[in-house]
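Chains as they are written, first to last, in this note's numbering: chain A, 23 to 597; chain B, 118 to 492. Where a beta carbon is used, it is the ideal one built from N, C-alpha and C, also for glycine. Computed from a predicted model, the values in this text were never measured in an experiment. First up is the structure itself, then whatever we jot down about it.
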Amino acid sequence: MLEATGVKLRIQMEQVLDQMDLEREKGITIKAHPVRLEYRAKDGQTYILNLIDTPGHVDFTYEVSRALAACEGALLVVDGTQGVEAQTLANAYLAMDLNLDLIPIINKIDLPNADPEKTKREIEETLLLDTSDAILTSAKEGVGTEEVLEAIVKRIRPPRGDPEAPLRALIFDSHYDPYKGVIAYVRIVDGKVRVGDKIMMMGIDQAFEVMELGYFKLGMVPKEELQTGEVGYLAANIKSLSETKVGDTITSALNPAFSPLPGFRHLKPMVFCGLYPTRNEDFPALREALQKLSLNDASIVYEPESSPALGFGFRCGFLGLLHMEIVQERLEREYEQELVATAPSVVYRVFLRDGSSLEIDNPAKFPSPEHVDHIEEPFVRAIIMVPQEFVGPMMELAQNKRGIFKNMEYMEGGRVILTYELPLAEILLDFYDQLKSRSRGYASFDYEFLEYRKTDLVKLDIMVNGKQVDALCYILPQEKAYEHARKIVSRLRKTIPRQLFEVVIQGAIGSRVIARETIKPLRKNVLAKCYGGDVTRKMKLLEKQKEGKKRMKRVGNVEIPQEAFFSMLKIDTEE
Amino acid sequence: MRPLSVYVHIPFCLRKCAYCDFPSFTAPETLVEEYLKALKIEIEIYRPFLSERKIETVYFGGGTPSLLKPEKLLPLLDLILSGKPGDDLEVTLEANPGTVNLRELKALKEGGFNRISIGAQSFQDSELALLGRIHNSAQAREAFEAARKSGFENINLDLIFGLPGQSLGDFLYSLNQAVSLAPEHLSLYCLSIEKGTPLFLKVKSGELHSLGDDLVASMYHSACRILAGNRYEHYEISNFAQPGYRSRHNMVYWTYGDYLGFGLKAVSFHDGIRRGNLGKVDQYIASLKEGKAPIAYRTGKRGVAALREEAILRLRTSDGFLEEELRQKYPRAFPAFQKKLLALKESGLLEESKGRWRIRERYFFVSLEIMARLM
């Protein structure tokens, strides 16, 4: 579409809009990307179209919902070789909830295994959408592009909004620029805004002067004015990150609007983990990096915490596991942080004997068992879409993960939709990897929060040479405690490298030790020959060993590598 | 003036060993002649430097320097010493069994060599074959006895342990054979399988299996005990000597002393500058033909980097280092370094008594781990 409307692509890349290295590497979209197209339609008129490319994965629903709130319509692009996937459903429902005009598109029809007719039937069955005017495309070969553009012009409503009303602009995203300050991505809903205007953030009641306005091509293109219906960016020399909240409404300071726009439903993070700098003195740098990153990714929450084992760090909340992984990688790549992350945890509700209750997002903070009356953990409703021949392995997996079977639906063409209720904590383990490996990659999966339920949970403490390591404790279902404790402790033995002394690892519930492993001391790490010509090489070797130690966190005398903190995630992975 | 040591590299071998990644190769006689000519030019370039310092040790290493006849070696030695050998001079020749005979050894002894280092490596013929050595164990014994007979009173034997397939018993057999010859000095090298060597390829392909660290460590620690019982001093990670017979030349490397290296890829270090020679023999010769020093790189370390390097090198020896000496030499860098030392002392990995810092013998074999913490 970009090519058809004359956007010059100087560098031909597979995914033009996915600008992060991480996105290109993983072949996924993490951030929503806005871009403006000008299209001369068959009716002879030129239309301005604002396109926002959005992610598909369940963890980035927040990105999708914000982008959708800035739009009138949505193109539901379904891969003609894969058919409807679990996340297709989730995103389509989101668009329907916002009452957007939906245009079904079936892509990749150039591939030999594409089956557009089957895909159409699946869309009708699962989403109850009329697919008689679905458009068949091949983005790679430019097939159907013209039809899509015509359909956007004909079938999607033009922006409503009142050009004469006081300015109301919805901030749907932002990023930080070291020279211009905060760059807010806005959709002008009513009125207009010009460079030099005095504007106000309605959420915090603070005024700024507009320094720069513009719209998005592949980069940012400055413009004097943005009018009703336009999507663009706005810079107003805003230095403090807390002053531009995504979802806030910008209005004119001189002629303010009466009420702000609805904004967004704030999504609560479901997954928490501790992020610690490998060197304690890097704590302030990590704080700054988190501040900047959270401007670009409004769904992260973080607050400082301290751990006897790991020092000072942050407890961070994410929308899901992939989101957590992406944030860690972005912190390391874009903000050059060296991190140790603890195992992800859900938020538990702990009800105490004295009648009070706590929300616990860090297993280390669990009250001791004698004070606990009962515990509740979050459950999700999960949808697994899978070819029929993998139903058995999928059910076995869900069963292993404490899943409660709810429903099984057969779709035309031999695919099955399984519905389960699962503890979210089980999904944080290796659920997704197992799902993919047990279905040879064919299963797709999506989930939504259901409710908190009472379950039988215990806390497993891990002791390293007799010292409890708070960052290594885990919450386990009672019935699997022994089995899991043994697996976790055995995995720790394999991931913690041999040290210069013997290391004993114990797993305990309360004061009862239920698993124990010993790491024998390191016996050999030596450079046998070191004469005149070897010195330089030897020093290089030492530099390398020192680099290796950087990824380790010292707990007491013992050096623990990052992977150890994730031992629980791999307990069911075959050796 | 600080004393000076001299190293001369003779890169030629009859055949390259299966584990060797040193600059060495077989060469036609004409190339050897050209190389020796180049060596002499190189020595002449450094003549002013050589004559202003007192030379204390000279070491001919390789390769196989003993491939060269005394008529070739002795003029080189004379050139270095400018015909005025100092008293108390240590002159070592690396010699491989199968390349020396009594007559030649006598000539070398008379010509000024007074220490000989014999690359025995093992006293098991199957192991010698595995290593790709050109000699058998009988020849190693013969070489040793010939050296004794020629008047050498300071002889070293090299042994390698940790070979694929070797048992503790196999190694201790070779060690006992070596001890029974009563050399003044023993070097025990744990085999390191270097990338690209024939041995590496065999291990990679699964034909051979490298030994586990625990077994290799047991070999090392058993050897330490046996040699202590035979009155050998364990004075460096891989080196043992009867009292008064440490390798003075090698001690210079570990105490950050000054040395000049002549020959292919040889390294020199003096006045804080490390300098490496070209590693390709044709380039080395071509450079000297033009009268240019064949230098490939120069690096200088100062301050904390130099302090780290010196301390780490010294910690290879049982002498370790004296805190006061390094503090005076590196007054600005020392305080921060001392913090690391103290942390290691607290965890028992370094020993300090009366201002002298050491790695305990029982930690020698994991010394890289400790040294990495000083970086």
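Excluding sequence positions up to five away, which residues of its chain have a Cβ less than 7 Å from the Cβ of alanine 275 of chain A? For the purposes of this step, residue 275 of chain A is taken as the residue at position 253 of the first sequence. Closer than 7 Å at the Cβ level, and outside the excluded window around alanine 275 of chain A, lie Lys220, Ile221, Met222 and Ala229.
Contact belief for leucine 9 of chain A with proline 126 of chain A at Cβ below 8 Å, rounded distance in angstroms: Nothing in the structure corresponds to residue 9 of chain A, since chain A is present only between 23 and 597.
DSSP three-state call for arginine 479 of chain B: helix, strand or coil? Start at 1 with the first residue of the second sequence, and residue 479 of chain B comes out as number 362. Helix at arginine 479 of chain B.
What are the start and end residues of the alpha helix (DSSP H) that includes alanine 311 of chain A? Sequence index remark: in the first sequence, residue 311 of chain A carries index 289 (1-based). 305 to 318 is the span of the alpha helix (DSSP H), which, as asked, contains alanine 311 of chain A.
For chain B, check one thing: does any of its Cβ atoms lie closer than 8 Å to the Cβ of glycine 555 of chain A? Translated into positions along the first sequence, residue 555 of chain A becomes position 533. It does: the Cβ of glycine 555 of chain A has a partner Cβ on chain B nearer than 8 Å.
Could you tell me which of A:Val175, A:Leu544 and A:Asp132 sits nearest to aspartate 123 of chain A, measuring between CA atoms? As a first step, residue 123 of chain A is located in the first sequence; it is residue number 101 there, counting from the start. Nearest neighbour of aspartate 123 of chain A by Cα position, chosen from A:Val175, A:Leu544 and A:Asp132, turns out to be A:Val175.
Kindly give me the distance between the Cβ atoms of isoleucine 70 of chain A and alanine 191 of chain A, rounded to whole angstroms, as I take these residues to be in contact under 8 Å. Here residue 70 of chain A refers to the residue found at position 48 of the first sequence. Here residue 191 of chain A refers to the residue found at position 169 of the first sequence. Contact doesn't hold; Cβ gap of about 17 Å is too wide.
Compare the C-beta of asparagine 135 of chain A against all C-beta atoms of chain B and say whether one is closer than 8 Å. To locate residue 135 of chain A, count along the first sequence from 1; it is residue 113. Interface criterion not met: the Cβ of asparagine 135 of chain A is under 8 Å from no Cβ in chain B.
Give the secondary structure of lysine 30 of chain A by DSSP, where H, G and I count as helix, E and B as strand, and everything else as coil. Mapped onto the first sequence, residue 30 of chain A falls at position 8. Legend: pLDDT at lysine 30 of chain A = 43, less than 50; position of this residue unreliable, value from coordinates given subsequently. Coil at lysine 30 of chain A, not helix or strand.
Can you find a CB in chain A that lies within less than 8 Å of the CB of leucine 303 of chain B? Along the second sequence, read from residue 1 onward, the residue named residue 303 of chain B stands at position 186. Look at leucine 303 of chain B: its C-beta is not under 8 Å from any C-beta on chain A.
Checking contacts by CB at 8 Å: is alanine 257 of chain A closer than that to chain B? In the first sequence, residue 257 of chain A corresponds to position 235, counting from 1. Not one chain B Cβ lies under 8 Å of alanine 257 of chain A.
Give a yes or no on whether 8 Å exceeds the smallest Cβ distance from glutamate 113 of chain B to chain A. With chain B covering only 118 through 492, there is no way to say anything about residue 113 of chain B.
Inter-residue spacing [alpha-carbon to alpha-carbon] between asparagine 579 of chain A and arginine 534 of chain A: Numbered from its first residue, the first sequence carries residue 579 of chain A at position 557. Numbered from its first residue, the first sequence carries residue 534 of chain A at position 512. When rounded, the distance between both Cα atoms is 24 Å.
Residues that tyrosine 124 of chain B contacts on chain A, provided the C-beta gap is smaller than 7 Å: Here residue 124 of chain B refers to the residue found at position 7 of the second sequence. Against tyrosine 124 of chain B, the close residues of chain A are Gly554, in the order they occur along the chain (beta-carbon pairs closer than 7 Å).
How many Å lie between arginine 119 of chain B and glutamine 584 of chain A at the Cα? Position 2 of the second sequence, counted from the first residue, corresponds to residue 119 of chain B. Position 562 of the first sequence, counted from the first residue, corresponds to residue 584 of chain A. Distance between the alpha carbons of arginine 119 of chain B and glutamine 584 of chain A: 49 Å.
Residues of the segment 453 to 472 of chain B in Cβ contact with chain A at a cutoff of 8 Å, in chain order, please. Within the segment 453 to 472 of chain B, the qualifying residues are Ser464 and Leu466.
Using only CA atoms, which one of A:Ala503, A:Leu440, A:Ala91 and A:Val215 lies nearest to lysine 3 of chain A? Coverage of chain A is limited to positions 23 through 597, which leaves residue 3 of chain A absent and any answer about it impossible.
By DSSP, does serine 281 of chain A sit in helix, in strand, or in coil? In the first sequence, counting from the first residue as 1, residue 281 of chain A sits at position 259. Note: serine 281 of chain A maps to coil in three-state DSSP.
In the segment 348 to 359 of chain B, which residues sit with their C-beta less than 9 Å from some C-beta in chain A, listed in chain order? Taking 9 Å as the Cβ-Cβ cut-off against chain A, the residues of the segment 348 to 359 of chain B that qualify are Glu353, Ile354 and Ser355.
Run through chain A and tell me which residues come within less than 7 Å of methionine 492 of chain B, C-beta to C-beta. For the purposes of this step, residue 492 of chain B is identified with residue 375 of the second sequence, where counting begins at 1. For methionine 492 of chain B, the chain A residues whose C-beta falls within less than 7 Å of its own C-beta are Leu564, Glu565 and Lys568, listed in chain order.
Any residues in the segment 214 to 237 of chain B with a beta carbon nearer than 7 Å to a beta carbon of chain A? Which ones, in chain order? Answer in chain order: no residues at all.
How long is the line joining the alpha carbons of aspartate 304 of chain A and methionine 368 of chain B, rounded to whole angstroms? Locating residue 304 of chain A in the first sequence gives position 282, where the first residue counts as 1. Locating residue 368 of chain B in the second sequence gives position 251, where the first residue counts as 1. The C-alpha of methionine 368 of chain B is placed about 41 Å away from the C-alpha of aspartate 304 of chain A.
Would you mind working out which of A:Tyr454, A:Thr477, A:Glu505 and A:Leu308 sits nearest valine 372 of chain A, comparing C-alpha positions? Start at 1 with the first residue of the first sequence, and residue 372 of chain A comes out as number 350. Among A:Tyr454, A:Thr477, A:Glu505 and A:Leu308, the Cα nearest to that of valine 372 of chain A belongs to A:Thr477.
Given this structure, state the Cα-to-Cα distance separating asparagine 259 of chain A from asparagine 277 of chain A, to the nearest angstrom. The count along the first sequence starts at 1 and reaches residue 259 of chain A at position 237. The count along the first sequence starts at 1 and reaches residue 277 of chain A at position 255. Looking at the two C-alpha atoms, the distance is approximately 21 Å.
In chain order, what residues of the same chain have a beta carbon less than 6 Å from the beta carbon of alanine 507 of chain A, not counting five sequence neighbours either side? Stepping through the first sequence from its first residue, residue 507 of chain A is reached at position 485. Leu482, Gly529, Ile536 and Ala537, listed in sequence order.
Does any residue of chain A have a CB that is nearer than 8 Å to the CB of cysteine 307 of chain B? Stepping through the second sequence from its first residue, residue 307 of chain B is reached at position 190. True, the Cβ-Cβ gap to chain A drops below 8 Å.
As a quick exercise: from B:Lys154, B:Thr143 and B:Phe142, pick the residue whose alpha carbon is nearest that of glycine 408 of chain B. Locating residue 408 of chain B in the second sequence gives position 291, counting from the first residue. Of the candidates B:Lys154, B:Thr143 and B:Phe142, the residue whose Cα lies closest to the Cα of glycine 408 of chain B is B:Lys154.
Can you list, in chain order, the stretches of the alpha helix (DSSP H) that have 4 or more residues and sit fully within the segment 526 to 565 of chain A? For the segment 526 to 565 of chain A, there is no continuous alpha helix (DSSP H) assignment of 4+ residues that stays within its boundaries.
Which same chain residues end up closer than 6 Å to alanine 114 of chain A when comparing Cβ atoms and leaving out the 5 residues on each side of it in sequence? On the first sequence, residue 114 of chain A is found 92 positions in, with the first residue counted as 1. Answer for alanine 114 of chain A: Leu98 and Leu149, listed in chain order.
Neighbourhood of proline 214 of chain B by C-beta distance below 6 Å, restricted to the same chain and skipping five residues each side: Looking up residue 214 of chain B in the second sequence gives position 97. For proline 214 of chain B, the CB contacts under 6 Å within the same chain, skipping 5 residues up- and downstream, are His252, Gln256, Ala257 and Ala260 in chain order.
Does chain B have any CB closer than 8 Å to the CB of alanine 465 of chain A? Here residue 465 of chain A refers to the residue found at position 443 when the first sequence is read from its first residue. Not an interface residue.
Just to confirm my understanding: we take tyrosine 324 of chain A, look at its own chain, exclude 5 residues before and 5 after, and list those with CB closer than 8 Å. What are they? Mapped onto the first sequence, residue 324 of chain A falls at position 302. So the list reads Leu297, Leu312, Ser316, Phe336, Arg337, Cys338 and Gly339, once near-sequence residues are dropped.
Should the segment 445 to 465 of chain A be called in touch with the segment 513 to 533 of chain A, which here means at least 3 C-beta pairs below 8 Å? The segment 445 to 465 of chain A, when compared against the segment 513 to 533 of chain A, does not touch it at the 8 Å Cβ threshold.
I need the DSSP call for alanine 234 of chain B, collapsed to helix, strand or coil. As a position in the second sequence, residue 234 of chain B is number 117, starting the count at 1. Checking the displayed sequence, the identity of residue 234 of chain B turns out to be serine instead of alanine. It is a strand residue.
Would you verify that the beta carbon of methionine 368 of chain B is, or is not, closer than 8 Å to some beta carbon of chain A? Sequence index remark: in the second sequence, residue 368 of chain B carries index 251 (1-based). No, its Cβ sits nowhere closer than 8 Å to a Cβ of chain A.
Cβ shell of arginine 433 of chain B (< 6 Å), same chain only, five flanking positions each side left out: Reading the second sequence from its first residue, position 316 is the one you call residue 433 of chain B. Sequence-distant Cβ neighbours of arginine 433 of chain B in its own chain, meaning closer than 6 Å and more than five residues away, are Glu353, Ile354 and Trp371.
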